[in-house]
Amino acid sequence: MAGTLFVVSTPIGNLEDMTQRALRVLSEVDVVAAEDTRRSGVMLDALGIKARLVSCHDHNEDERSGQLVAQILQGQSVALISDAGTPLVSDPGYRLVRACQQAGIEVVPVPGASAVLAALAVAGLPTDRFLFEGFLPSKGGAREEALSKVLAHSTTTVLFEAPHRLLSLLGSMEAAGAGEREITLCRELTKRFETVIRSTVSALRERVAEDADQQKGEVVLVLAGATPGQARDAELEPLARLLLAELPVSRAARVLASVSGRKRQAVYDWLEQLSAGG
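Read in order, the letters of the sequence shown correspond to residues 4 to 281 in our numbering.
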């Protein structure tokens, strides 16, 4: 009989968050497929688990999936883990899961720690609906376009960000008119230097700029959803900036008011704010 693929969540920092079921599964499977075998090896050793580790990451997942599927069809069981938290959430693994499903192999989730859910739990923002965007593009027009869509969304949004880009991201949010939007910075969740800061975008940017420690470690941001007015502004902002690059504020306001159906004076005031903010 074929074996099973277990998709196993591991701690995001604190080893005490490892579930009893995950410990049992990782101890019993024939192979553990890990994003980084060295990092996962250290964690498994600390938990007293002796496992046969193979790598499964973005650069080898297609090839590795075929190998693992063949092993599972021969009766072996495999556990898929990521560097931390729940596999496939901004991590590799979906190709392996899909390959197993296409081969008729049972895929079993073993849930546990998740940075996304941990951040939502302490953010103090609505969680009945939320958008998970993961990491935005790192630079250029793609980053600006993605951020514009995030700021236009009406539900709570969860973002991952590299610590060295955190200050830049907050500055971009502020420049886009979201300075007074509620936001929670969750840094190093479950670890020794865990920090949860609830603030506005502008106030958080100032704090991060003043405290270099807030620009280190694993970062999760939870952003409040846009009000209807904020959503409209975010949707119109790319066009507004194009108009401002070519026309005086008064003429840009006339064109944008005609396109959007909004009152010219309100559009003019908004464009002046955009122009002043750079």
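Don't be surprised by glycine CBs; every beta carbon is placed ideally from N, CA and C.
Alpha carbon to alpha carbon, how far is residue i from residue j?
i      : j      : result
Gln275 : Phe196 : Reading off the sequence shown, one finds Glu at residue 275, where the question assumed Gln. If I take the Cα positions, the gap works out to 42 Å.
Pro166 : Asp216 : 10 Å
Val211 : Val28  : 41 Å
Val45  : Gly88  : 15 Å
Leu259 : Val252 : 10 Å
Gly144 : Gln74  : 44 Å
Thr40  : Lys266 : 59 Å
Leu99  : Leu224 : 29 Å
Ala256 : Ala248 : 12 Å
Thr198 : Asn17  : 14 Å
Ser43  : Asp86  : 6 Å
Glu191 : Ser141 : 21 Å
Gln70  : Val113 : 22 Å
Val10  : Asp272 : 52 Å
Ala279 : Leu128 : 30 Å
Gln23  : Val153 : 37 Å
Arg254 : Leu277 : 15 Å
Thr13  : Ala179 : 37 Å
Gln233 : Gln268 : 17 Å
Cys59  : Val222 : 24 Å
Pro231 : Val270 : 15 Å
Arg101 : Glu66  : 13 Å
Gly220 : Val262 : 44 Å
Asp48  : Leu246 : 59 Å
Gly264 : Asp214 : 44 Å
For residue i, tell me which candidate among the options has the shortest Cα-Cα distance.
i      : options                           : result
Gly228 : Val161, Ser278 and Ala269         : Val161
Thr130 : Ala121, Thr159, Glu147 and Val10  : Thr159
Glu185 : Gln70, Gln218, Gly174 and Leu207  : Leu207
Leu3   : Arg42, Leu239 and Ala82           : In the structure as shown, the chain starts at 4 and stops at 281, and residue 3 therefore has no counterpart that could be examined.
Leu226 : Leu169, Met4, Leu188 and Arg55    : Leu188
Ala155 : Gly174, Pro95 and Asp236          : Asp236
Ala124 : Val262, Thr193 and Ser278         : Thr193
Asn63  : Glu183, Asp48 and Tyr97           : Tyr97
Ser157 : Arg146, Gly174, Glu148 and Phe133 : Phe133
Glu148 : Glu213, Arg244, Asp48 and Val32   : Arg244
Can you list, in chain order, the residues of its chain whose CB lies under 6 Å from that of residue i, leaving out five sequence neighbours each side?
i      : result
Met176 : Val204
Ile200 : Leu188
Ala126 : Thr187 and Val225
Are the CB atoms of residue i and residue j nearer to each other than 9 Å?
i      : j      : result
Ile108 : Val72  : yes
Ser68  : Val34  : no
Val110 : Leu8   : yes
Ile84  : Glu19  : no
Gln218 : Leu169 : yes
Gly6   : Gln105 : no
Asp61  : Pro95  : yes
Ala82  : Ala54  : yes
Gly115 : Ala25  : yes
Ile15  : Ser30  : no
Leu50  : Met21  : yes
Which residue comes first and which comes last in the alpha helix (DSSP H) that contains residue i?
i      : result
Ile75  : Glu64 to Leu76
Cys103 : Tyr97 to Gln105
Ala215 : It is not in any alpha helix (DSSP H) - Ala215 carries neither H nor E in the DSSP assignment.
Leu47  : Thr40 to Ala49
Between which residues of its own chain and residue i is the CB-CB distance below 8 Å, once the five residues before and five after are set aside?
i      : result
Ser93  : Gly137, Phe138 and Phe163
Glu183 : Thr203, Val204 and Ser205
Leu250 : Val258
Ser117 : Ser12, Ile15, Gly88, Thr89 and Val92
What does a CB cutoff of less than 7 Å around residue i pick up in its chain, not counting 5 residues either side in sequence?
i      : result
Phe135 : Val119 and Val161
Just reading off the beta strand (DSSP E) that residue i is part of, what are its end residues?
i      : result
Gly137 : Phe133 to Phe138
Ser141 : Per DSSP, Ser141 belongs to no beta strand (DSSP E) and is neither H nor E.
Pro241 : Counting along the chain, Pro241 falls outside any beta strand (DSSP E), though it belongs to the alpha helix (DSSP H) covering Pro231 to Glu249.
Arg190 : Glu185 to Arg190
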